[in-house]
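So for the sequence shown, our numbering puts the first residue at 268; every next one is plus one.
Even glycine gets a Cβ: it sits at the ideal position worked out from N, Cα and C.
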Amino acid sequence: MADTTIEWTEQTWNPTTGCDRISPGCDNCYALTMAKRLKGMGSAKYQTDGDPRTSGPGFGLSVHPDVLTEPLRWKKSRKVFVNSMSDLFHARVPREFLARVFAVMAATPQHTYQILTKRPERAARILTDLCACGTGHPPGEHFRSAMEWAATSHSPTYVPGLEHGIYHRSGWPLPNVWIGTSVESDGYTRRLDALRKTPAAIRFVSAEPLLGPLPSADFTDIDWVIIGGESGAGARPSTPSGRLTSSPRCGKPAQPPS
Numbered sequence: 268m269a270d271t272t273i274e275w276t277e278q279t280w281n282p283t284t285g286c287d288r289i290s291p292g293c294d295n296c297y298a299l300t301m302a303k304r305l306k307g308m309g310s311a312k313y314q315t316d317g318d319p320r321t322s323g324p325g326f327g328l329s330v331h332p333d334v335l336t337e338p339l340r341w342k343k344s345r346k347v348f349v350n351s352m353s354d355l356f357h358a359r360v361p362r363e364f365l366a367r368v369f370a371v372m373a374a375t376p377q378h379t380y381q382i383l384t385k386r387p388e389r390a391a392r393i394l395t396d397l398c399a400c401g402t403g404h405p406p407g408e409h410f411r412s413a414m415e416w417a418a419t420s421h422s423p424t425y426v427p428g429l430e431h432g433i434y435h436r437s438g439w440p441l442p443n444v445w446i447g448t449s450v451e452s453d454g455y456t457r458r459l460d461a462l463r464k465t466p467a468a469i470r471f472v473s474a475e476p477l478l479g480p481l482p483s484a485d486f487t488d489i490d491w492v493i494i495g496g497e498s499g500a501g502a503r504p505s506t507p508s509g510r511l512t513s514s515p516r517c518g519k520p521a522q523p524p525s
């Protein structure tokens, strides 16, 4: 079943591809290198070039509506890494498209979805968005309504195969969606604060590549931490185990959630 060598997941799903580097952890991005290769091979999803200052050949941010229905065809439950070749909360991913992605995840509760972002601030804003109607709806209500619209057959954003009623059938946050952020050094521990504000069944952190100690990291309300160094050409040195535990607020190492 696995289509990836990433040890903490079983399947990848890329409703968007492409990204832009925003911090040192992106410098040796495997996805950027792979996108260039896939562009050269003629892969249709990787023909849009990104800004050469932050992205590269074949790695321009692109959305792929035709990919949205893939999980509906997977009958056996699995862990799914959402966007191994992109960042779902990139600023150029439209909110309505995000709602369509979440609607598909809500409609397939047999799968566990793992979303990793370097942009948790946007994730927190969108997933706790207050309805503009002023009637006191709880945080997230506006986004959940957009999810329901994606499951409504007469909607221009309708995802084929979804059934009306997702809003009422699904809890919030979605119980099968994990959301995580990357923290490569102490200068980016602020992402943990944004992650804590993000509604998610499981919150996790990827300290991969871990490029420096994390003395100010606060892992309160974080369920899982992935620790690792960098691999491949130009890999930078790291001593993960010692560097992570230098945080005074890091408890016992967490096992992957089941």
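Rounded to the nearest angstrom, how far is the Cβ of V472 from that of T487, given a contact under 8 Å? That belief does not hold up - the Cβ atoms of V472 and T487 are roughly 12 Å apart, past 8 Å.
Quick one: which unbroken beta strand (DSSP E) runs of 3-plus residues sit fully inside the region 359-404? Chain order, please. 379-384
What number of angstroms, rounded off, separates the C-alpha of D396 from the C-alpha of Y380? 21 Å
Contact check, I489 vs R470, beta carbons under 7 Å: yes
Is E277 buried or exposed, if buried means 16 or more other CB atoms sit within 10 Å of its CB? buried
Taking 7 Å as the threshold (C-beta atoms), are N281 and N350 in contact? yes
Determine the burial state of G432: buried for a count of at least 16 other Cβ atoms within 10 Å of its Cβ, exposed for fewer. exposed
Candidates G454, R463, L328, of which the one nearest M352 by Cα: Ranking G454, R463, L328 by Cα distance to M352 puts L328 first.
Give the secondary structure of G454 by DSSP, where H, G and I count as helix, E and B as strand, and everything else as coil. helix
Short Cβ contact (7 Å threshold) for A418 with A366: no
Report the three-state DSSP secondary structure of I489 (helix, strand or coil). coil
Between W439 and the rest of its own chain, which residues show a CB-CB distance below 7 Å, the 5 nearest in sequence each way excluded? Excluding positions up to five away in sequence, the list reads G407, R411, P466.
Do L441 and M372 come within 7 Å of each other at the CB atom, strictly closer than that value? yes
Pop quiz: G292 and E415 are said to be a contact at Cβ under 8 Å. What is the actual Cβ separation, rounded to whole angstroms? Not confirmed; about 36 Å, so no contact.
Rounded C-alpha distance that separates R510 from G325: Interpretation of R510 is limited by its pLDDT of 45, a score under 50 that renders its predicted location unreliable; no figure is taken from the coordinates.
With a threshold of 6 Å on Cβ separation, who are the neighbours of R389 within its own chain once the five nearest residues in sequence on each side are excluded? F356
In the DSSP assignment, what residue or residues form a beta bridge with A474? I494
Taking C-alpha atoms, which residue in S483, A474, P482 lies nearest to E497? A474
8 Å contact criterion, which K306 and H331 should meet: CB distance rounded: So it is not a contact: roughly 15 Å between Cβ atoms.
Hey, how far is the Cα of S513 from the Cα of P482? Here the model assigns S513 a pLDDT of 43, short of 50, so the residue's position is not dependable, and the following value carries that caveat. Whole-angstrom Cα-Cα distance: 6 Å.
Shortest alpha-carbon distance to G454 belongs to which of T424, P480, L335, S505? The shortest C-alpha separation from G454 is found at P480.
Rounded C-alpha distance that separates G501 from D270: 26 Å
Which same chain residues, not among the five before or five after Q377, have their C-beta less than 6 Å away from its C-beta? S344
Coil, strand or helix - G509 by DSSP: Confidence is the limiting factor: at G509 the pLDDT is only 45, short of 50, which leaves the residue's position unreliable, though a coordinate-based value still follows. Three-state DSSP puts G509 in a helix.
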